[in-house]
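Read through the structure below, which is laid out as structure tokens, and then see the notes.
Here it is in structure tokens:
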């Protein structure tokens, strides 16, 4: 027995046409550009915010009655400027021309601050005052200051780092936020796949399309098209991130490094491929867009599970349970880029996890194709996952 | 051009039999009307023909060979549930569907222009489908089935929802395609249209073909022609005591009578003249709706009993 549906209809050219139509439909829509613009503004905003937070503030301290060198070396954040006398120092401090002042008069030193002067400026001015006072006292007591300094330098203190931690918290925090953002993208773009499928089903055009190509090819073209639009969006985002970072001349220590970004993107693609078919299958179960939420729920839960696991694992990336689960899809999609960001896994380990992920993706696609084929033409009430798999 | 042969198609949905060994042939250049009650199996048959569904058993052949993947691309299909992308322009939509059916880009563009002209929607090419009136959306749908100049046309309820002008356009297109040698298969509940357009008709019931043939052949299976008379000034039941009349029923302000055996028109006329002035006497042949009712209703009564 042969019937046309058993035969492989059309060529891969059909897939390409579906793919191009999807890209065209997504990337010429206003919504696409508006959401892209909003995300770019958000990314640039975050980078600028971090820059503002990380940029060191400078304070001005006026000194008088002694040369600048008599007050010792000032910290980087302090700009020292000379003034003529105590009266001027008081006027400049009061008028907020300077944040604090150190004035030597009548053989003693006064530190002038306002009640609202920044603590850092007050501390620096006090330290400068103490330095002058100590130096003056040593001189009065005939202390050999050169030998004294040498003796202090020998006694310490020395900074010693203990323990085996190989990464810093900032780096890991940045990586976690990056992969969570990428996973949110998977859910957002996956929902678009499901919406696209249900749109074709609710407008009934799917029947015309299926008379020219098989369900699996239609699904592949669709998923690939929406995926490409998503990736373009992500690359624009990463580009704006990199651009903003370059513009801030490396003062944004809180942002993920290039290797972490690259690993994040590759694992995003793998995770998207893993879930996209399931989102398409979910979309094929219902006939109306408003019914979508209920069938998407199980897929959303599976897609969000790795985020919870990643947050739990972030505290102890070297724990033994993490070293096992990091190879298991879909958790590997989040844990591998996290590990990569702190150099916790080798490239070979990542490749092994990717191979497992690809196998899981093939299984998911097979499952999705089965559900899609069994439910795409069932118009009316929602088809349950069980019915779609059993049919 | 080759015939479309439907050979013993069977299909079940769980316990329900949708098609039961359904067979018929649509030769090149023929318009074949596919009629039946809702749920009789028309849509399932058409979906199997274009490969959207697979049959449990049986075969669809185009000419001598089973229909293969690349063949279906040469079929034009209009599903019962109309479907187009609402936010896509008419032109893009038709070019896309033409290309999916295997046309090169330039040929698809030319075909889109030709069919939008032919179906009087060329002014709407750059409009999105959801901005068009329902009638124009239907015309776009027809253009979508025709844009690749198919070698077989399969249309599920193509006339439903069409205004009279669109019905005329659609009828003209079907006749043209048939004249070019294309086998045309369409289903419809508008039996007057089927009667007017089709060379042959298949009546399907519960997945089985209960009758198939030209209108003349079907008339031979249903009730015979009846004599219709209008007699002014007569009581409505005047044929009751007329020996030349075997049975009668009232119709259109007159009566439709079945002649008693051995009697002819003159016997009935003589009897009628005694009851009043005979204004009209004509042979009326059963229409397709009457044939359909005669063939389908007794069976449904049997099922009900």
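Protein chains in written order, with our numbering: chain A, -1 to 389; chain B, 51 to 355. Yeah, the Cβ is synthetic: ideal placement off N, Cα and C, and Gly gets one too. All values reported here derive from a predicted model rather than from experimental measurement.
Check: Pairwise C-alpha distance: residue 105/A and residue 96/A; Outcome: 23 Å
Check: Option in 77/B, 83/B and 92/B with minimal Cα separation from residue 245/B; Outcome: 83/B
Check: Residue range of the alpha helix (DSSP H) that includes residue 213/A; Outcome: 213 to 245
Check: Ranges of the alpha helix (DSSP H) found wholly within the segment 171 to 251 of chain B, counting only runs of at least 4; Outcome: 184 to 196, 214 to 229 and 241 to 247
Check: Cβ-based burial, residue 24/A [other Cβ within 10 Å; buried from 16]; Outcome: buried
Check: Nearest to residue 170/B (by Cα), restricted to the options 150/B, 310/B and 191/B; Outcome: 191/B
Check: Selection of the segment 184 to 215 of chain B by Cβ proximity to chain A, strictly under 7 Å; Outcome: 194
Check: Residue 269/A vs residue 184/A beta-carbon contact at 8 Å; Outcome: yes
Check: Distance, residue 19/A Cα to residue 225/A Cα; Outcome: 13 Å
Check: CB of residue 248/B within 8 Å of CB of residue 81/B, strictly; Outcome: yes
Check: The segment 59 to 72 of chain B in contact with the segment 351 to 365 of chain A per 3-pair CB rule at 8 Å; Outcome: no
Check: Unbroken alpha helix (DSSP H) run spanning residue 149/B, endpoints; Outcome: 140 to 150
Check: Proximal chain B residues relative to residue 12/A, where beta-carbon distance stays under 7 Å; Outcome: 150
Check: Sequence-distant residues of the same chain with beta carbon closer than 8 Å to residue 230/A, five excluded per side; Outcome: 25
Check: Whether residue 90/B touches residue 251/B by CB criterion (8 Å); Outcome: no
Check: Distance CB(residue 37/A)-CB(residue 235/A) smaller than 8 Å; Outcome: yes
Check: Amino acids of chain B, ordered along the chain, whose beta-carbon sits closer than 9 Å to that of residue 387/A; Outcome: Correct list: empty, because the minimum Cβ distance to chain B is about 16 Å.
Check: Cβ-Cβ distance between residue 411/A and residue 266/A below 8 Å; Outcome: What the structure shows of chain A is the stretch from -1 to 389, and residue 411/A is not part of that stretch, so it cannot be assessed.
Check: N-terminal and C-terminal residue of the alpha helix (DSSP H) that residue 331/B is part of; Outcome: Careful: residue 331/B lies outside any alpha helix (DSSP H), inside the beta strand (DSSP E) at 327 to 334.
Check: Cβ contact check for the segment 110 to 122 of chain B and the segment 274 to 288 of chain B: 3 or more pairs under 8 Å; Outcome: no
Check: Cβ pair count under 8 Å reaching 3, the segment 88 to 102 of chain B against the segment 138 to 153 of chain B; Outcome: no
Check: Where residue 81/A falls: helix, strand or coil (DSSP); Outcome: coil
Check: Close Cβ partners of residue 63/A (< 6 Å) along its chain, the five nearest in sequence each way excluded; Outcome: 101, 102 and 103
Check: Secondary structure of residue 123/A, DSSP reduced to three states; Outcome: helix
Check: Per-residue DSSP class, three states only, for residue 63/A; Outcome: coil
Check: Local conformation of residue 179/A per DSSP, three classes; Outcome: helix
Check: DSSP beta-bridge partners of residue 112/B; Outcome: 54/B and 115/B
Check: Environment of residue 371/A [buried if 16+ CB atoms lie within 10 Å]; Outcome: buried
Check: Stretch-stretch touch, CB-based, cutoff 8 Å, three pairs: the segment 200 to 216 of chain B with the segment 226 to 235 of chain B; Outcome: yes
Check: Beta carbon of residue 284/A nearer than 8 Å to that of residue 196/A; Outcome: yes
Check: Nearest-angstrom Cβ-Cβ length linking residue 338/B and residue 265/B, presumed shorter than 8 Å; Outcome: 7 Å
Check: When 330/B, 101/B and 320/B are compared against residue 279/B, the one with the closest alpha-carbon; Outcome: 330/B
Check: Chain A within 8 Å of residue 123/B, Cβ atoms only; Outcome: yes
Check: Local Cβ density within 10 Å of residue 74/A, reported as buried at 16 or more and exposed below that; Outcome: exposed
Check: Buried versus exposed, by CB contacts within 10 Å (16 or more), residue 142/A; Outcome: exposed
Check: Distance between beta carbons of residue 335/A and residue 262/A, contact taken as under 8 Å; Outcome: 4 Å
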